[in-house]
Every structure is written in structure tokens, then in C-alpha cells.
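Report on one structure; see the data block that follows.
Protein chains: 2
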Amino acid sequence: MKIDPKSSADLSAQIAKAIRDSIIAGDLIVDERLPSEAELAEQFDVSRSTVREALKRLAAQSLIRTQRGAFGGAFVNRLSYPDAYGQQITTSTLLLSMNDVSFDTACEARYALERSCAPLSAERRTADHLATMRAEIFRQQQPGLTDEAFCASDVAFHRALVDGADNPVLSYQLAGAVEAMQPLMNMITFTARSREAIVALHTRIADAIEAGEGSDACEGLSQLERYTVELARSVMAKRASREAG
Amino acid sequence: MKIDPKSSADLSAQIAKAIRDSIIAGDLIVDERLPSEAELAEQFDVSRSTVREALKRLAAQSLIRTQRGAFGGAFVNRLSYPDAYGQQITTSTLLLSMNDVSFDTACEARYALERSCAPLSAERRTADHLATMRAEIFRQQQPGLTDEAFCASDVAFHRALVDGADNPVLSYQLAGAVEAMQPLMNMITFTARSREAIVALHTRIADAIEAGEGSDACEGLSQLERYTVELARSVMAKRASREAG
DNA sequence: AGAATTCATTTGTCAGACATTTAAAAGTCT
DNA sequence: AGACTTTTAAATGTCTGACAAATGAATTCT
Chain G
1 MKIDPKSSAD LSAQIAKAIR DSIIAGDLIV DERLPSEAEL AEQFDVSRST
51 VREALKRLAA QSLIRTQRGA FGGAFVNRLS YPDAYGQQIT TSTLLLSMND
101 VSFDTACEAR YALERSCAPL SAERRTADHL ATMRAEIFRQ QQPGLTDEAF
151 CASDVAFHRA LVDGADNPVL SYQLAGAVEA MQPLMNMITF TARSREAIVA
201 LHTRIADAIE AGEGSDACEG LSQLERYTVE LARSVMAKRA SREAG
Chain H
246 MKIDPKSSAD LSAQIAKAIR DSIIAGDLIV DERLPSEAEL AEQFDVSRST
296 VREALKRLAA QSLIRTQRGA FGGAFVNRLS YPDAYGQQIT TSTLLLSMND
346 VSFDTACEAR YALERSCAPL SAERRTADHL ATMRAEIFRQ QQPGLTDEAF
396 CASDVAFHRA LVDGADNPVL SYQLAGAVEA MQPLMNMITF TARSREAIVA
446 LHTRIADAIE AGEGSDACEG LSQLERYTVE LARSVMAKRA SREAG
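Sequences listed follow chains G and H, in order.
So the first sequence is numbered by the working numbering: it starts at 1 and just counts up by one.
So the second sequence is numbered by the working numbering: it starts at 246 and just counts up by one.
See below:
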């Protein structure tokens, strides 16, 4: 682990990179303890504050965890799926909100990815996944539901569909795509009629998953995509005309 | 933006969270300047070092950038696609390497995701994407190629396929899945015969993309997935028997 | 032996200082 | 007046030294 004093980058960034590379390369293994801040400071020939800033950078990426007290210190973290989900969702959400990605583009990506899970889910889903999907469909039919709650239930439905594929890597990848859409979906007002249409498509998808018909589920997802895009378009148009008039 | 002094979490983590939430909520918009470190220290009633540690956490997530000098400071970063790629790849790579995800699981996820791009790519790919795919196929046929270079070319081929879908959100999502597989792929030795088989499948996929036949491309990807899994299995078996004998 | 206490180590936080960078502002020359 | 140079103020980057708080190990006491 060496740093280049001539480099223009911040020392703390260089140190963070050096340690990060060691972790990725496997030189530092999971649960291994890093040298104490004082030792690192000496090794890199910088002050303790600089080392601390480097460690905070790594902590922000869930690469290490720290523990106080004797025999405490910084330990290489096993990146857990929940941690990875969290980062994936944060990144995806910001990416969408900051780069004025169109609703259509985000929607297309989301449903394309979901369709990649559908055949696997139709084959492997447990009774539990199916029960979750049915329960969320039931919830979506409740009259008093707010738009936000409807969206949240929608996310839960799709999550169960994705998790049914029983591939944690897929679930992790999809978490970002599905959840990051939520702020965009929340801009839509769901009328009683549009909810009915969505529930009908959800039911069709759940039926296909239950029957083990992956391609049917894909077709249902495609219809849901088309309907969602159309719905967003009409809501936006209505909003625009109201503002103009 | 408030922090809870009673909370057990580190102050710098709390402050980072407060600022992060403000960014996600849109209270702080892109390119907006945060108060100076000294001002933030006063606002949160902590020392400047604590504020700095919080800011480094945010910088590690590419949420802010800092600039020195008068009229410098910390600015809300527009999360660019390259930044997002980078984080996605780091996270995915570590997730795979630290959670002993099986080769089959990772492979299944990767090809399932790629199949979701194939129909779009068949429809929209430019001549440029196609030329890249052909060029990489050509490179893969060169005799002197090392296994690592072969893998890298493989990644470039699949990237072109994915980028052909012309959906930046999909490209971003797939970057992680494809690149994170590379360390696993690098464990495989590619014999002349296996390279030949892979090149044949790549050619078939490229032909399908060129012809606008998305389902053909999917079929090619499925065959490639099966072949890759089989190849990995035989390589691993050979390695195990050599160690045993 | 078990409980309480002390102790050493390590991270978390603070305060103050100086170095470095940077762009605006002021000054100077043509 | 305009172009170039110098000054200056503000901000981040780094260092030093100190103390607080946590924590597990070692020690002491009952």
C-alpha cells in the first residue's frame, strides 16, 4: 500500500483508494483488522486526521466497520446484500432524479429487467412469494388507499415477483431499478379506473406465475409497461393543459 | 437539517445522513454550494473535523465534490453515468467476491439481464455498435491472445450489445452485472476449442442483432450461458482432480 | 471461583494552527 | 481605457496535541 505524494489528489482519497484496492484484490480479507489509525498514519506518513478521513470514505461504501475500545479498530466488512441493496437504491434514485431521465426510459428499463426474472420466477417461486403477490393485489383493491400507499404496494408486488426467481444477484440488481422508479411513479395520480386496470394486470401476472407460464407473465408485464407509460403520458398532458389554461 | 445528540451513531455519520437526505429530497439542488465547513460546524454545533469526516463520506458516494480556494467549497454533484457505473461495479464485484456466490448464480443473473436488452438492441443498435461487436469477435480469434485479454474482449462485446439498446439506465444496471463477472471468468482457462465455440456463438448473436431478430439473439445468449456454465464446471472438475491426484 | 476494579488501547471529538489554492479585487503600466 | 500584475480574502487540506468514551483484558478483592 503506497501513495504518491506528487499526485494532485487529496491524500485521504489516495489512502482510501490504496486500502480499497487491497480489499478488492483480496490482500485484506473479510473481518481482518486494519492497523490502528495511529499505525496507519505512521505507515502512510500522514496525520491521524487524514487517515480518519480516508477510513470514513471506506465506511461510507460499507467496505469497513469500526469499533471503539481496546481490541477495537477498523475491520473489513463483508458486504451484505442489504448493504448492497441500499447503495444500489441510493445510486439509482439519484441517477434518475439528477439526469432528467424520461419516464419512458426508466419504465422501459424497469420492465425489461423484470421480464428477465419472470421465467425464472414462474419456475421457482415458493408458495410464500405467490401469497405475497396475492396479498398486495388485495391491498391494492382497498378503496381508502392513498396514491403513495398504492405505489408502495406496487413495489412490494414486483419485489415478490423478482425474489421468486431465487437468484440473490438478480434481486439485488432489480432492487435499484424498481425502487428508484418510485419517486417517478409517485408523480402519477391513480384514479379508481386506472387502479382497476393495474390490479387486473397484476392478477394476470400472478396467475401466470402460479401456472408456471413464464412467457405469459412476460406478456402481462409488457402490457403493464404500455399501460403505465400511457397513464403517465395522459396525467402529464392533463397537468400541462391545466397549467396553460 | 438536524442531528440527534442522544443517538449512538457517530456524529459525522448523522451529519452525512442529514445532508444526504436533503440532497435526495431535493432541498439541495445540483451544483448548489453547501455552507463552508466552518459554517456547517457552527450549524451542527460540532467541530470542523467532524464536519469534514461527514463531507468525505458524501464525497465517497460522489454526492458532492469539493473545490479549494476562495469561492470554493462543497458542491452538490450531478451523479454522472460514469460515476454511477463505477460505484455499481465496485459494489457488485465485492458482493460477488465476498458472499461466495456460485458461478452458476452469477452467470444466470448476467445472461438473464442481457437477454432483457437483446430485443431492444436488435431494434435500435447503430452501425457503430455492430462494428464494435464484429471487431471484438475478430480480436477473439487472434491466436496469441491471453486468457485475460480474451475475457476483456468478451466484456467489450457484451457491452456493445447492451449499449445497443440505447437505454442509459439499462446500460448502467448491466455494467455491474457484466463487469463483476470478470474476476470469475478469469478463473477459467480458455482452450482453442472453447474459444472457437464462444466465437461461433458471438457471431450468431451479432448476426441476429444485425438482422433485427431479438428472439434469435436471446436464444444465442441462452446457448452461450449453457456453454459457459458447462465450461466452468469442467474446468473446476479438472482442477479438483489434479489437486486430488 | 466469581465479582468488582483497574488498566491499556483504540476510536470519537475538539481546538487551534499553518499551508495551499483560487478567484475576485485592487493596483500598475502602457 | 484596457491589459497585465499584485494583493488579498476565503476556503479547503493537513498537522499537532489533547481529552472523552468505550471496551475487552488483566488484576484485585471477596
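Backbone N, C-alpha and C define an ideal beta-carbon position, used for all residues, glycine too.
Values in this document were obtained by computation on a predicted structure and should not be read as measured data.
What does residue i pair with, by DSSP beta-bridge criteria?
i	result
Thr-66 of chain G	G:Ala-74
Arg-278 of chain H	H:Phe-320
When burial is assigned at 16 or more other CB atoms within 10 Å of the CB, is residue i buried or exposed?
i	result
Glu-179 of chain G	buried
Thr-132 of chain G	buried
Arg-491 of chain H	The requested residue 491 of chain H is not part of the displayed model; chain H covers only 246 to 490.
Asn-167 of chain G	buried
Glu-498 of chain H	It is not possible to answer for residue 498 of chain H, since the shown part of chain H is limited to 246 through 490.
Glu-37 of chain G	buried
Glu-470 of chain H	buried
Phe-71 of chain G	exposed
Gln-312 of chain H	exposed
Ala-211 of chain G	exposed
Met-481 of chain H	exposed
Ser-102 of chain G	exposed
Ala-160 of chain G	buried
Compute the Euclidean distance between the alpha carbons of residue i and residue j, then round it to the nearest angstrom.
i	j	result
Arg-293 of chain H	Gln-87 of chain G	27 angstroms
Leu-339 of chain H	Asp-266 of chain H	26 angstroms
Asp-399 of chain H	Met-98 of chain G	32 angstroms
Ser-486 of chain H	Leu-341 of chain H	25 angstroms
Met-187 of chain G	Glu-148 of chain G	9 angstroms
Ser-116 of chain G	Ile-274 of chain H	35 angstroms
Phe-244 of chain H	Ala-254 of chain H	Look at the range of chain H in this structure, 246 to 490, and you will see that residue 244 of chain H is not part of it.
Ala-18 of chain G	Glu-42 of chain G	15 angstroms
Gly-144 of chain G	Met-430 of chain H	52 angstroms
Arg-57 of chain G	Asp-207 of chain G	47 angstroms
Ser-439 of chain H	Ala-372 of chain H	28 angstroms
Thr-191 of chain G	Pro-428 of chain H	49 angstroms
Asp-276 of chain H	Pro-327 of chain H	18 angstroms
Gln-418 of chain H	Gln-173 of chain G	7 angstroms
Ala-448 of chain H	Ala-401 of chain H	Here the sequence assigns Thr to residue 448 of chain H, which means Ala is not the residue at that position. Each residue's alpha carbon lies about 14 angstroms from the other.
Glu-196 of chain G	Ser-215 of chain G	23 angstroms
Gly-271 of chain H	Thr-350 of chain H	37 angstroms
Thr-189 of chain G	Met-181 of chain G	15 angstroms
Lys-483 of chain H	Leu-446 of chain H	24 angstroms
Thr-391 of chain H	Gln-223 of chain G	46 angstroms
Phe-289 of chain H	Glu-243 of chain G	40 angstroms
Ile-209 of chain G	Ile-454 of chain H	29 angstroms
How close, in whole Å, do the beta carbons of residue i and residue j come, if the pair is a contact with beta carbons under 8 angstroms?
i	j	result
Leu-466 of chain H	Glu-368 of chain H	Actually they do not touch by this definition, with Cβ atoms about 16 angstroms apart.
Glu-118 of chain G	Ala-217 of chain G	It should be pointed out that residue 118 of chain G corresponds to Ala in this sequence rather than to Glu. Ala-118 of chain G to Ala-217 of chain G, Cβ: 4 angstroms. Contact.
Ser-210 of chain H	Leu-324 of chain H	Since the first residue of chain H shown is 246 and the last is 490, residue 210 of chain H is not available in this structure.
Glu-298 of chain H	Glu-53 of chain G	6 angstroms
Thr-295 of chain H	Ile-268 of chain H	That belief does not hold up - the Cβ atoms of Thr-295 of chain H and Ile-268 of chain H are roughly 19 angstroms apart, past 8 angstroms.
Give me, in chain order, the residues of the same chain whose beta-carbon lies closer than 8 angstroms to that of residue i; leave out the 5 immediate sequence neighbours on both sides.
i	result
Arg-65 of chain G	Ala-59, Ala-74, Phe-75 and Asn-77
Leu-170 of chain G	Ser-116, Cys-117, Leu-120 and Val-162
Asp-345 of chain H	none
Kindly list the residues whose CB is nearer than 7 angstroms to the CB of residue i, restricted to its own chain and excluding five residues on each side of it in sequence; keep chain order.
i	result
Ala-422 of chain H	Ser-337, Ala-354, Arg-355 and Leu-358
Ala-380 of chain H	none
Thr-473 of chain H	Cys-352
Val-199 of chain G	Ile-137, Gln-140 and Gln-141
Ala-175 of chain G	Tyr-85, Gln-88 and Ile-89
Gly-69 of chain G	none
If I measure Cβ to Cβ from residue i and keep anything under 6 angstroms in the same chain, skipping five residues before and after, which residues do I get?
i	result
Gly-409 of chain H	Ser-366, Arg-370 and His-374
His-158 of chain G	Val-178
Leu-285 of chain H	Val-296
Ser-12 of chain G	Thr-50, Glu-53 and Ala-54
Ile-205 of chain G	Ala-217 and Gly-220
Val-291 of chain H	Leu-256
Between residue i and the ligand GDP, is there a pair consisting of the residue's CB and a ligand heavy atom that are separated by less than 8 angstroms?
i	result
Glu-470 of chain H	Ligands displayed in this structure: none; no statement on the ligand GDP is therefore possible.
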